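Following: one structure in structure tokens, then a few remarks.
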Amino acid sequence: MAMSDAEIIKGLFNSFKPDSPLEPGDARYVDFQAVRGDDDIRTELGSRILNDDENTYQLYSGHRGGGKSTELLRLAKFLEDEGCVVVYFAAATDNSGDLSLQDTQYQDVLLSCTRQLLEKLSDRADSTPIQNWLSDRLKRLKELALTEVELEKMTLDVALPQFMKLTAAVRKEPNRREEIRKLVEVNTESLVTALNLFINNARKRGKANENKVVVIADNLDRIVRTQEPDKPSNFEEIFVHRSELMRSLDCHMVYTAPLSLLYSPLSSELQTIYGKPQILPMVMVTSVDGTVIQEEGIGLLRQALARRVRQVWPELGLVANGDEGTVGVFESQDILDLLCLSSGGHLRDLMHMSQDAINRTLKLPVRAQAVKRAITDFRQAYLRSLQESEWEFLLAVRESKQKQNDDDERYQALLAKRCILEYSFFDDDGERVTWYDVHPLIRGSKVFKERWAVYQQQRAQGDV
Amino acid sequence: MTERLVADFLDWDEEELPPESKDEVLGRLFRGIANTEGAGWFFVQCSRQQGSEVVEQLKGRFGRVEVLELERGAESFYPEAMGLFETNPFDVLVVQGVDEALLGYEDTKRALGWDSADLHNYDSRDVPPLLSHFNQVRECLRDTVPRPVVFVVSAFVVKYLLLRAPDFYDWRAGTLTLPLDEGDRSQIMGWTKSAEYGDYCNLSERERQQKIADLHQLIETDSLEKAERSRLLVEEGLLFESGNTYEQAIFCYDKALEIEPDKDTAWFGKGFSLVEIGRYEEAIASYDKAVEIKPDQDQAWYNRGNALHKLERYEEAIASYDKALEIKPDNSWTRHQIGWAYLIAKQYEKSIETFQQCLDLNGDDPEGHYGLACVYSQKNQIEPALEWLAKVFKLDPDNYRERTAKDSDFDPIRSDPRFQDLIQPNE
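Those protein sequence lines, which keep their order, are chains X and Z.
Numbered by the numbering used here, the letters in the first sequence go through residues 3 to 466 in order.
Numbered by the numbering used here, the letters in the second sequence go through residues 1401 to 1827 in order.
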């Protein structure tokens, strides 16, 4: 049955929504392994968990909207299929209340893990140790007006909501946050002991092959960095200074960490604590020299778009073919390629701009002007986020394709804002090559081109 | 397939696109809302006045439209939206007052400094609670309020969202910027025409940032005449300058000069800001351009002289001051500067002559008297130095006693007890 243009456009508009990670097995998923430097999350993070007898504590990171959650969900599925007990949770975004992004500290992370473990494992493990831990602190909890529960009534059904209350109070009530943190701080050791008893219990009761418990704490990178003058930032506090706590649970842990932290002066320390972090780079749409990578670059992005398009209407192609009279979303191959290249290999940007271009279209196909307008609109967001002081740095990265200096805060800020993108591939000798470039949305702007010309001129004169 | 370069694809820029009309932008908003299944967040960047119009139009177009007005300093939004949705299920939710909520956040300067050099500190210290809340409730909002939400905001809010609530903002269905209409435009234009630099300096920081935001929107979104655009850019520069954000001011002047290379006011402003941040050589070059275009600007010659003075190029400084004097002979400030330049250049007789001229023009000029005292002190002639100083203290004891105590010009005679006696306040 044919669909009207309006229906197709509506379908496309919703299909390109940027707001949900793909669940494992989603028909829209495209494997970008080769162009992302051959990292398969399952072989990298996954194998370490499967092969290591000791618990592993690993960090996972990447640009915002690059597909981290999608990859972590795949990892969870893979590990479950391999017989692990997996607790995946999106910290900091859970409705029932986990982390406060405002000023999350390490105690909050521990509380959050506790609640998630209780919820996910309580049907397979004896939660008595945790109930006891709560019971022992009932007096203090009552003083904090966090509970009205009587001692003899402490059961799992009661305990779980108590932890939810604790985490919710941390998140929502800044006044009590400090008191709860203090309570947890002095009782950390006993809480960890109780949790580990509980985890071990879950492990023992599991089937023979279910002897690995894995906690994947996604979205910790969503915590907003805060820093008081002359003090370590909350990131540093959580991931470095309190790392013994992050490594204290008797199970495998995967944390998402902010990309900027991995490129900060703390990177080597982090590596010592968590091993080499896994970073999800962008899809490489061009080579270092600026040549467009067809099949394995923009070809895959086209595929990602095509799968979403086909879901709307199986007969719909990506590009209209005037000669054959077939219906397609975009007016020409070139304009589709422009869209893919402008995304810099960043999936959310690609979906976002496609959605915007669709919304500028009353009748298919999407015209060049609609695509260029969409690009211009998203370009504005990048340009506006740039500070004057960052330009010099940006131009230098464009010139060298390398990051200049890990310690420079501007570099971290530019990465966090995706104004600089990271790519990686394996060269002919099998060595991993990582390189950097300015987001194509910025590169295509008038202001960048002008500044670039001046910069080149200065370089030619030896001023830079 | 032949190899292609990404550069070939990027070989165009935004200027080739004709500007969108207000109706086109609104049409996109309405289509987007109509097409949205489930949640979808639209940001409409516009003036307050336009915001009310947008709300009216939405009400006329979509079934149940609810408006949520955030209060000054509001820190949450999700529970309110969810509550509203439960009691009063809507088709479209409009959120207003994000500006107000952020303005209530203590660090308003940061909030509004969307372009300012201060922003390099953006990620330290603190996050406005409302923005952290936005980041946090992203998934919840999508799942429990599965409706289009229209945020009506001004330009600075968008910048703030970009930098401080990027996770939330990353999920937007679109940001739509409404071009300013005639009323807004003439109001802003009118103000820049009637206001003087002194008025700019008297603005509170918040007012200044609001003015800059208004002006910026006018400059960015409108198809202005070139001359008008460069004039407004200069005004924007002056606003930044009056708030001591000189790098930003220079940026505006440069943009004005791109449009009109002969815009003398832009060269003048640029020179001023460059001096303030110690880039004297560039400042001199800017003033050179300013006086080349408009040679009868005594203030430009004067400032140029000051920049040369800072570089210890006294001869040239004096020549520049002389030019200013030619245009405005009764300007005692200029004459003082000449006197000081001669003094530092150790041309004492010339310095005395100049300060004398000041006194010829105004016998009660304390600075002229003070200048003479300094010259005689430098010449180590203590009696005349003390004589002139005594006259200064008669004319303006409050300012000059303190200045004298600190001024190294008096080092040659400082240890003399008569000098010490003279500068005692009770004498």
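Each residue gets a CB set at the ideal place from its N, CA and C atoms; glycine is no exception.
Since the model is a prediction, treat every value here as computed from it, not as a measurement.
Simplified DSSP state of residue i, which is helix, strand or coil
i: F332/X; result: strand
i: D1696/Z; result: coil
i: M355/X; result: helix
i: I218/X; result: strand
i: Q1496/Z; result: strand
i: Y1770/Z; result: helix
i: T288/X; result: strand
i: I422/X; result: strand
i: D379/X; result: helix
i: L302/X; result: helix
i: Q1781/Z; result: coil
i: G1598/Z; result: helix
i: D439/X; result: strand
i: V1545/Z; result: coil
i: L136/X; result: helix
6 Å Cβ shell around residue i - same chain, five flanking residues per side excluded
i: P26/X; result: L75, R76 and K79
i: E1635/Z; result: T1592
i: S1673/Z; result: E1641, Y1646, A1649 and I1650
i: I1727/Z; result: D1696 and D1698
i: G1497/Z; result: E1469 and L1470
i: F91/X; result: Q118
i: I1718/Z; result: I1738 and A1741
Buried versus exposed, by CB contacts within 10 Å (16 or more), residue i
i: E333/X; result: buried
i: S1586/Z; result: exposed
i: T116/X; result: buried
i: F428/X; result: exposed
i: E1658/Z; result: exposed
i: A462/X; result: exposed
i: T1665/Z; result: buried
i: S345/X; result: buried
i: E1506/Z; result: Confidence at E1506/Z is low in this model, with a pLDDT of 42, below 50, so the placement of that residue should be treated as unreliable; the coordinate-derived value is given next. Its Cβ having fewer than 16 others within 10 Å, E1506/Z is exposed.
i: G347/X; result: buried
i: Q357/X; result: buried
i: T258/X; result: buried
i: K1689/Z; result: buried
Own chain, CB closer than 7 Å to residue i, minus 5 neighbours either side, in chain order
i: M331/X; result: Going by the sequence as given, residue 331/X is Val instead of Met. These residues qualify, in order along the chain: L14, V311, L318, L320, L366, P367 and V368.
i: H354/X; result: P20 and F380
i: L24/X; result: R30, Y31 and T72
i: L1789/Z; result: A1773, T1804 and L1822
i: Y276/X; result: Y59, Q60 and L61
i: E1660/Z; result: K1626, A1627 and S1630
i: Q1449/Z; result: G1583 and D1584
Alpha helix (DSSP H) segment containing residue i, residue limits
i: V1406/Z; result: V1406 to F1409
i: Y276/X; result: S269 to Y276
i: P15/X; result: According to the sequence as given, residue 15/X is Phe; it is not Pro. Note, F15/X: alpha helix (DSSP H), D7 to S17.
i: G1739/Z; result: S1732 to I1744
i: W1667/Z; result: D1664 to E1676
i: G1427/Z; result: K1422 to N1435
i: I1727/Z; result: Y1714 to I1727
i: W1441/Z; result: No alpha helix (DSSP H) contains W1441/Z, which is instead part of the beta strand (DSSP E) from G1440 to Q1445.
Where the beta strand (DSSP E) containing residue i begins and where it ends
i: A92/X; result: V87 to A92
i: M255/X; result: H254 to T258
i: P1548/Z; result: P1548 to V1553
i: E145/X; result: No beta strand (DSSP E) contains E145/X, which is instead part of the alpha helix (DSSP H) from L140 to E145.
i: V368/X; result: Run containing V368/X: none; DSSP gives neither H nor E here.
i: E246/X; result: Taken as a continuous stretch (DSSP letters only), E246/X belongs to no beta strand (DSSP E), being part of the alpha helix (DSSP H) at S245 to M248.
Other residues of its chain near residue i: CB distance less than 8 Å, five sequence neighbours each side excluded
i: L282/X; result: R38, D41, I43, Y62, S63, G64, H65, G68, G69, K70 and E73
i: R1461/Z; result: F1430
i: W393/X; result: R453
i: I444/X; result: R381, Y384, L385, L388, L396, C421 and F450
i: Y1702/Z; result: S1720, Y1721, A1724, N1731, W1733, T1734 and Q1737
is_contact[residue i, chain A] using C-beta, thresh 7 Å
i: D1499/Z; result: Protein chains X and Z are contained in the structure displayed, whereas chain A is not.
### the segment 1637-1653 of chain Z: positions lying closer than 8 Å to chain X by Cβ
E1647, Q1648 and F1651
### Query
According to a CB-to-CB cut-off of less than 8 Å, which residues of the segment 1548-1559 of chain Z neighbour chain X?
V1558 and K1559
### Query
What residues in the segment 284-298 of chain X have a beta carbon less than 7 Å from any beta carbon of chain Z?
T288, G292, T293, V294 and Q296
### Message
If the cut-off is 9 Å on Cβ atoms, which residues from the segment 1557-1579 of chain Z count as contacting chain X, listed in chain order?
### Response
V1558, K1559, L1562, L1563, R1564, A1565, P1566, D1567, Y1569, D1570, W1571, R1572, A1573, G1574, T1575, L1576 and T1577
### Query
Got a sec: which bits of the segment 438-461 of chain X sit with their beta carbon under 8 Å from any beta carbon on chain Z, in order along the chain?
P442, R445, G446, S447, K448 and K451
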